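Remarks on the structure that follows.
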Amino acid sequence: MNLFYKIGVASLLSGICWGAQAQFINPEPSYSIHPQTSPKWVVKFAPFSLIDFSNTVQFAVERVVGQQQTLQAEFGYGWEGMNLWRYSKNSRYDRYETWRGRAEWRFYWRRFRPPFGSYTALEGVYKQENAFETGTIGIAPDGGMPQYYRLYSLPISKQVWAFSLKFGRQFSFSANNRLIGDFYGGLGVRTRDIHEPNRPDGYLYYASKGFLVDPFSPNPPVSLNVSYGFKIGYTF
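If you use the working numbering, the sequence shown corresponds to residues 277 to 512, in order.
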């Protein structure tokens, strides 16, 4: 099942790259749309979220709210079975899942009419990763070497907040301005907090993490956030 999933993701990304190449070969989308027929809604899919270390299936909705402004909301969910970076079923983390949400305000530059053209955006992101941490605890009643061992499985979660300034460009793939692509990139700051309630006392022993990148690694609580990606969408 995981093999078919990887093949599907690779095929999807190859198609996107081909479409982007075609756009650059014939970059003639029309942004001079009549105000009465200008699209007000864009529904998008984020294909690169499928290969993120905490990957999700992610969709976004953008709404034109002013002459040069739009608002965008984005939601995604990922589960253990779809994670491309999990290499062992006998891992430290079980029942792993990811929830992600984004809120974004965009300002399209003066020579463009939203939702097409170059833009500057302010973005806020919330991500939560949940799992059950499994391992073995060594019990030492007298404070010396462990006298006996027992298994345990306890919930663990991580919350991440991030804020970024982004720049991007949204363009049309089709003559009727319905099928669109959206490239963006930016920098910001992120904070994270890991919760491990009822963590047992004693000598803890774990199996291998089972993931190429430990989703609950003790990174600095405040760090640089890099935001980048590509979306495909349809306008209404």
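All C-beta atoms, glycine included, are put in the ideal place defined by N, C-alpha and C.
These numbers were taken from a predicted model, which means no experiment stands behind them.
In angstroms with no decimal places, state the Cα-to-Cα distance between S330 and P315.
-> Between S330 and P315, the C-alpha separation is close to 33 Å.
Closer than 7 Å: is that where the CB of S440 sits relative to any heavy atom of the ligand NAD?
-> Only the bare structure without any ligand can be found here, which leaves the ligand NAD out of the picture.
With 16 as the cutoff for other CB atoms within 10 Å, does N453 come out buried or exposed?
-> N453 sits buried, since 16 or more C-beta atoms from the chains shown fall within 10 Å of its C-beta.
Endpoints, the beta strand (DSSP E) within which F439 is located | Its beta strand (DSSP E) spans residues Y424 to S448.
State yes or no: is the C-beta of P476 within less than 8 Å of the C-beta of Y425?
-> No.
Any idea which residues DSSP pairs R466 with across the strands?
-> For R466, the beta-bridge partners assigned by DSSP are A438 and S499.
S499 vs G462 beta-carbon contact at 8 Å = No, the Cβ-Cβ distance between S499 and G462 is not below 8 Å.
Any 3 or more C-beta pairs closer than 8 Å across the stretch 436-446 and the stretch 401-418 | Contact between the stretch 436-446 and the stretch 401-418 is present: 3 or more CB-CB pairs across the two stretches fall below 8 Å.
Inter-residue spacing [alpha-carbon to alpha-carbon] between Q446 and V465 | The straight-line gap from Cα to Cα measures roughly 24 Å.
On the DSSP bridge assignment, give the partners of D399 in chain order.
-> The residue asked about is misnamed: residue 399 is Glu in this sequence, not Asp. In the DSSP assignment, E399 is bridged to E380 and S440.
Do you know offhand how far R371's Cα is from F487's?
-> Computed Cα separation, rounded: 13 Å.
Note down the Cα distance separating D469 from A397, rounded to an integer number of angstroms.
-> Going by the C-alpha atoms only, they are around 26 Å apart.
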